[in-house]
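Listed below in structure tokens is the structure:
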């Protein structure tokens, strides 16, 4: 093993001072502290907070945003952004709803159709970004508008009611005490974490976000990796849309409005750099939980929903400022 | 001392308990060019960061023009006329020369907040005149060359009534000609009595331009000497703490058959009729001025840029290279001149950078084999010493020389047949340079074909078996090792015809 000499330690300290040091341990630690502080605070001020029922309730509420945030993490790691996922959710929701509306037995088909719709829409964003060099912000803004239009045209602007029990189980059912969406969220987290940490694809995602040109010159098909990232994100948005439809028992063309912003907030709170290349799924999970716990806590404390918006905004800003400082 | 402008005494600074500077002395006199030398990590940067107020010293004091001056912020330094010309320049590209120079202190109509543009442009024109720069104050900075941007920074510093200028590697991106212009400017500054602290890794320059030299090593003050009293070898010995017996350890290698052949390669307005080959065991040096088209040819061969006409053959077989992946598959590797832009993923680890081009070989299907990956990296770090805390350290926290070694390791891991090195030692310290030369020599001996682009003639002369000289997008001449002088190469590059 290499043992650093005094000289090299001096050299390293001088150089680490030059560049912003980003120890992921410190970062995670700081965020987990925020989460723990929120939990301690809420359990002191509300008896209802630290109960099994409420915990499961919080987890159920965060799982849809969580699934979106995991996909968004991939996109942001490549130094991209996806504004279209809220609308993509709506398309997936109405397509899935229309299928089980006609034939209640086709739950699995409906889920797969919703996910494929999401993947297709996002593949367009990805292609525009990767092949035509359209800025991700613009490409996905365009798809956001187009997808919303598709959802409205498909339904004529009216919600599609869902009565199929097997489909409703997806968003409303539980296995034991654990709500089904929570299980889906957990599985997605595990799969994407493995994808990022153990596979070539994951390594390329980080490398592209860190330095796209250097990655290209290392012989990697950057466009392909980027398009795949957007497709995976689209699949997950589709899945989230299907779960949302199940939870509200209908496919609504206006569902998912603004969901992209919650997902981005969770990713950023979770310590992923908007410049790409740095970030983890664990961080995103913590980010998702912080938002969820705060939402839930404010409800339990009977804070008016108008004030909740302000408190939430401040806490998001505060968490990120704290995180930035801990990195210095 | 009467003509002493700056005295930094007993300066110490520790980061996280580790000493970066230990009781360092630094004294600069009126109207002198004072070279500050040392390997990367010797403490030059820290000392200059203290002088410009970016870092506060733990101990020691600073006397500036006879008065004690605690420099507690960059603003204090600027107010007292201490200005630094940075290694990486960052003017605002979309703004004009005039707007850049007067950024934050634009002349106004009274105190209205409206910029007095006629006055702004007039004042700028006067400044440019003074330095005999033929530039229009209304030109946008994005249209300037690197050298011109640098001149702009110097003019800007002078316009602040700079009383001490610090230049950090000012020539690293300049052509031979532009260096002359810079030296001319430095002479003018000296005449005005402005002292200059000059940091550079290029020893030739130091001997040409500096009056005195202070050497730091491992955070300690070694000496301050008049430059005439030193030989190059003595200076190097002071910097590295041991004599470097031979900087260019080129061994004779068995030169075999041509590996890479390039025929009539052309790209309109960039280069034309490029024809050369490189054989196994051979180091082919490519000399020329900045903008001669050397890097562009290599980029085309490597599939980064396209070319209009011509043929590339690898092992005698015509190669179809459309993208870097094609070149890599054929066994070509390219270490680009700009390691931060094109070589490294700075925010990721040493390990991830080293294996980035080799993951296919280190994976079972989709999944990376963690053990093979670590084994491959360890094998590399056995051949190439990278000073790091471990394979998981991020590359951005390594010194320039060590970063360059990581790039080299990335490509050597693929066991290329042809290794193209574009300015492989730019901006790295003497010790790391020597190591890279050693490595090149070893690789050639083992049969690799190496192409080295370099703007440093001693390096070209010292390492190449054969030298091509490029100018204006063409090959101007070809010379064998030891059969040409630096002057002949330079003359050939500038215009004269070489012996082909």
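Chains as they are written, first to last, in this note's numbering: chain A, 11 to 338; chain B, 6 to 505.
Ideal Cβ placement from N, Cα and C applies to all residues, glycine included.
Being a predicted model, the structure only gives us computed values, none of them experimental.
With 16 as the cutoff for other CB atoms within 10 Å, does residue i come out buried or exposed?
i, result
"residue 33 of chain A", "Residue confidence for residue 33 of chain A is low, a pLDDT of 48 falling below 50, so the modelled location carries little weight; the figure read from the coordinates is stated next. Classification of residue 33 of chain A: exposed, given that the 10 Å Cβ count is below 16."
"residue 380 of chain B", "exposed"
"residue 126 of chain B", "buried"
"residue 329 of chain B", "buried"
"residue 401 of chain B", "buried"
"residue 239 of chain B", "exposed"
"residue 146 of chain A", "buried"
"residue 359 of chain B", "buried"
"residue 84 of chain B", "exposed"
"residue 298 of chain B", "buried"
"residue 408 of chain B", "buried"
"residue 197 of chain A", "exposed"
"residue 148 of chain B", "exposed"
"residue 55 of chain A", "exposed"
"residue 337 of chain B", "buried"
"residue 410 of chain B", "buried"
"residue 378 of chain B", "buried"
"residue 315 of chain A", "exposed"
"residue 51 of chain B", "buried"
"residue 170 of chain A", "buried"
"residue 107 of chain B", "buried"
Are residue i and residue j touching if we call contact CB-CB under 8 Å?
i, j, result
"residue 428 of chain B", "residue 458 of chain B", "yes"
"residue 278 of chain A", "residue 330 of chain A", "yes"
"residue 266 of chain A", "residue 100 of chain A", "yes"
"residue 102 of chain A", "residue 237 of chain A", "no"
"residue 28 of chain B", "residue 15 of chain B", "yes"
"residue 167 of chain A", "residue 254 of chain A", "no"
"residue 371 of chain B", "residue 210 of chain A", "yes"
"residue 65 of chain A", "residue 246 of chain A", "no"
"residue 124 of chain A", "residue 241 of chain A", "no"
"residue 265 of chain B", "residue 302 of chain B", "no"
"residue 273 of chain A", "residue 75 of chain A", "yes"
"residue 289 of chain A", "residue 87 of chain A", "yes"
"residue 436 of chain B", "residue 177 of chain B", "no"
"residue 112 of chain A", "residue 263 of chain A", "no"
"residue 110 of chain A", "residue 190 of chain A", "no"
"residue 17 of chain B", "residue 65 of chain B", "yes"
Quick one: give me the first and last residue of the alpha helix (DSSP H) that residue i is part of.
i, result
"residue 98 of chain A", "95–112"
"residue 268 of chain B", "First-last for residue 268 of chain B: 263–272, but that is the beta strand (DSSP E), not the alpha helix (DSSP H)."
"residue 385 of chain B", "375–388"
"residue 97 of chain B", "Residue 97 of chain B -> no alpha helix (DSSP H), and no H or E assigned at all."
"residue 269 of chain A", "269–279"
"residue 460 of chain B", "Looking at the DSSP string, residue 460 of chain B is not in any alpha helix (DSSP H), and its letter there is neither H nor E."
"residue 192 of chain B", "181–196"
For residue i, name the three-state secondary structure that DSSP assigns.
i, result
"residue 236 of chain B", "coil"
"residue 255 of chain A", "helix"
"residue 70 of chain B", "coil"
"residue 495 of chain B", "helix"
"residue 452 of chain B", "coil"
"residue 229 of chain B", "strand"
"residue 217 of chain B", "strand"
"residue 149 of chain B", "coil"
"residue 329 of chain B", "helix"
"residue 60 of chain B", "coil"
"residue 59 of chain A", "coil"
"residue 259 of chain B", "coil"
"residue 32 of chain B", "strand"
In the DSSP assignment, find the beta strand (DSSP E) that holds residue i and state where it starts and stops.
i, result
"residue 202 of chain A", "Element bounds for residue 202 of chain A: not the beta strand (DSSP E) but the alpha helix (DSSP H), 190–208."
"residue 140 of chain A", "Per DSSP, residue 140 of chain A belongs to no beta strand (DSSP E); it is in the alpha helix (DSSP H), 117–142."
"residue 19 of chain B", "9–20"
"residue 337 of chain B", "337–340"
"residue 484 of chain B", "479–485"
"residue 319 of chain B", "314–319"
"residue 166 of chain A", "That residue, residue 166 of chain A, is in no beta strand (DSSP E); it is neither H nor E in DSSP."
The segment 271–291 of chain A: positions lying closer than 9 Å to chain B by Cβ
Correct list: 283, 285, 286, 287, 288.
Along the segment 306–318 of chain B, where does the CB come closer than 8 Å to a CB of chain A? Name the residues.
Within the segment 306–318 of chain B, the residues whose Cβ lies closer than 8 Å to some Cβ of chain A are 307, 309, listed in chain order.
Could you run through the segment 199–222 of chain A and flag, in chain order, every residue whose CB is less than 7 Å away from some CB of chain B?
So the close ones are 208, 209, 210, 211, 213, 216, 217, 220, 221.
So if I threshold CB-CB distances at 9 Å, which residues from the segment 327–356 of chain B count as touching chain A?
Going along the segment 327–356 of chain B in chain order, one finds 328, 329, 330, 331, 332, 333, 334, 339, 341, 344, 345, 346, 347, 348, 349, 350, 351, 352, 353 with a Cβ nearer than 9 Å to chain A.
Using a Cβ-Cβ cut-off of less than 8 Å, list which residues of the segment 362–374 of chain B approach chain A; keep chain order.
Within the segment 362–374 of chain B, the qualifying residues are 362, 364, 365, 368, 371, 372, 373.
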